[in-house]
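See structure below.
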Amino acid sequence: MTSYTLPVPSRPATAEPNTVYTVASGDLRPAANVTCWPTQEKLEKDLAAALTDLGRQVSRGHAFDAAKGHGFIDSQRAGIEVFKTLPKDAPLIVVATAIELPEEETRRPLDATTPQWPIMHAVLHGVSRDQFMARHRANHLNVAYAPDAETADKALRAKAALFAELGVDVHLCGDVAL
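Reading the sequence shown from the start, the letters are residues 32 to 209 in the working numbering.
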């Protein structure tokens, strides 16, 4: 008989009923995360209000870090730790915003492709490019341009409902029950 203590298997967390989980991925540059945090915080508040109006509760998948001055996932290791704690069956929204990059950064990929393929730079908060492509097996996003967060939320609901009605599986960086 061995004196080795076997590890106790952990039970995976289960999603709370009517709860949507959110995550927000940041930048490897601490100063960028601190600078962008107030805008991100407002976006998350607006999203939570829209989801509440739809009868959902919101659970943020990771906490604000007072020592760092932001609530972003700021490294691959941090992202791994966050995703280990999220329920596997949880509806998940990766809160993301579109950004504008310098012209030379936009020109490089435009020159490498054809004009039929539009390019948009986006920060997918809570999921890296590699995680997104591993889950969705594509490098395409469906985007709705809107003048404000409320209109964007309405556009998201309408597009998701339309695609679902057409029989298309709807994923918002995770299986989200709409």
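Positions of the beta carbon are idealized from the N, C-alpha and C atoms, including for glycine.
* Asked: Roughly how many angstroms lie between the CA atoms of Gly198 and Leu123, to the nearest whole one?
  -> Numbered from its first residue, the sequence shown carries residue 198 at position 167. Numbered from its first residue, the sequence shown carries residue 123 at position 92. Distance between the alpha carbons of Gly198 and Leu123 is about 20 Å.
* Does the segment 110–124 come close enough to the segment 88–99 that 3 or more CB-CB pairs lie under 8 Å? -> yes
* Asked: At which residues does the beta strand (DSSP E) containing Leu123 begin and terminate?
  -> The sequence position of residue 123 within the sequence shown is 92, counting from 1. Where Leu123 is concerned, the enclosing beta strand (DSSP E) stretches over Leu123 to Val125.
* So, is Pro48 buried or exposed, given that buried needs 16 or more other C-beta atoms within 10 angstroms? -> Counting from 1 along the sequence shown, the entry for residue 48 is found at position 17. Pro48 comes out exposed.
* Counted within 10 angstroms of its Cβ, other Cβ atoms place Gln71 as buried (16 or more) or exposed -> Counted from its first residue, the sequence shown places residue 71 at position 40. Buried, because 16 or more other Cβ atoms sit within 10 Å of the Cβ of Gln71.
* Determine the burial state of Val39: buried for a count of at least 16 other Cβ atoms within 10 Å of its Cβ, exposed for fewer. => Sequence index remark: in the sequence shown, residue 39 carries index 8 (1-based). Exposed is the call here.
* Asked: By the 10 Å Cβ neighbour count, where 16 or more other Cβ atoms means buried, how is Thr53 classified, buried or exposed?
  -> Walking along the sequence shown from the start, residue 53 turns up at place 22. Thr53 comes out buried.
* **Asp96, DSSP secondary structure in three states** => By one-based count along the sequence shown, residue 96 stands at place 65. Reduced to three states, the DSSP call for Asp96 is strand.
* What is the DSSP secondary structure of Thr36, counted as helix, strand or coil? -> For the purposes of this step, residue 36 is taken as residue 5 along the sequence shown, with counting starting at 1. Here Thr36 sits in coil by DSSP.
* **Of the listed residues Asp84, Gly86 and Ala55, nearest to Pro210 (C-alpha basis)** => Missing from the structure shown is residue 210; the chain here goes from 32 to 209 and no further.
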